[in-house]
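No gaps in the numbering here: position 27 of the sequence shown is 13 in this note's numbering, and each next residue is one more.
We treat Cβ as the ideally placed atom computed from N, Cα and C, and that holds for glycine.
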Amino acid sequence: MSDFSRRASGLAKRTAYREQSSDEQLLALINVVFLLLIFVLINATFIPQPPFAVELPISQSADEASNQPLTIALGADGQLAWNGQQISSDALIEALRGQSLSAEAGVQLHAHSAVPATTVLKLANQIEQADLGRIDVILRVRQ
């Protein structure tokens, strides 16, 4: 056997793929699960609980804030729609001021691609003045 073939066979033995046992695979899975658990715990927000039972009062007058965002559509010709009905810009702003939203709900603005950006920004500024929280402009992903 030549010196070259001896070196090559030794290299093949050292680099041979070693089959993992089921215990090693399970250990890797447990490690991943614990890493995910740690990630969730670090990013979680904990609300402190009072040391005694508290029964909250029921509101008689306030409406329940909606977690659903308000959806406004802006057509190519500048027409506005809210709740499935066409509405003027001034009437929309007045209607929005009367809405009660949760802090995370906000407004979704669906603007046609032919609408100039200045028109979208103008409407977004008007919505922002109504103080309804976050404004999301909904876009379509380019294919």
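Among the options, the one whose alpha carbon lies nearest that of residue i
i      : options                      : result
GLY92  : LEU22, ARG83, PRO43, GLU41   : ARG83
LEU95  : GLN71, SER75, LEU60          : LEU60
ALA103 : GLY64, ILE73, ASN29          : GLY64
ALA67  : LEU109, ASN29, PHE20         : LEU109
ARG120 : PRO55, ALA100, VAL106, ALA62 : PRO55
GLN85  : LEU12, ASP9, LEU118          : LEU118
Exposed unless 16 or more other CB atoms sit within 10 angstroms - verdict on residue i
i     : result
ILE58 : buried
PRO43 : exposed
ALA77 : exposed
Beta-carbon spacing of residue i, residue j below 7 Å
i      : j      : result
ILE73  : GLN112 : no
ALA39  : ALA100 : no
VAL106 : ALA97  : yes
Same chain, Cβ closer than 6 Å to residue i, five either side skipped, listed in chain order
i      : result
ASN29  : none
ILE124 : GLN94, HIS96
ILE16  : none
Contacts around residue i, its chain only, beta-carbon distance under 8 Å, and the 5 residues preceding and following it disregarded
i     : result
SER75 : LEU66, LEU109, GLN112
ALA81 : TRP68, ILE73
THR31 : none
According to DSSP, residues forming a beta bridge with residue i
i      : result
HIS96  : ALA59, ILE124
GLN115 : GLN115 pairs with nothing; no bridge assigned.
ILE73  : LEU66
Cβ-based neighbour list, residue i, same chain, cut-off 7 Å, excluding 5 preceding and 5 following
i     : result
LEU27 : none
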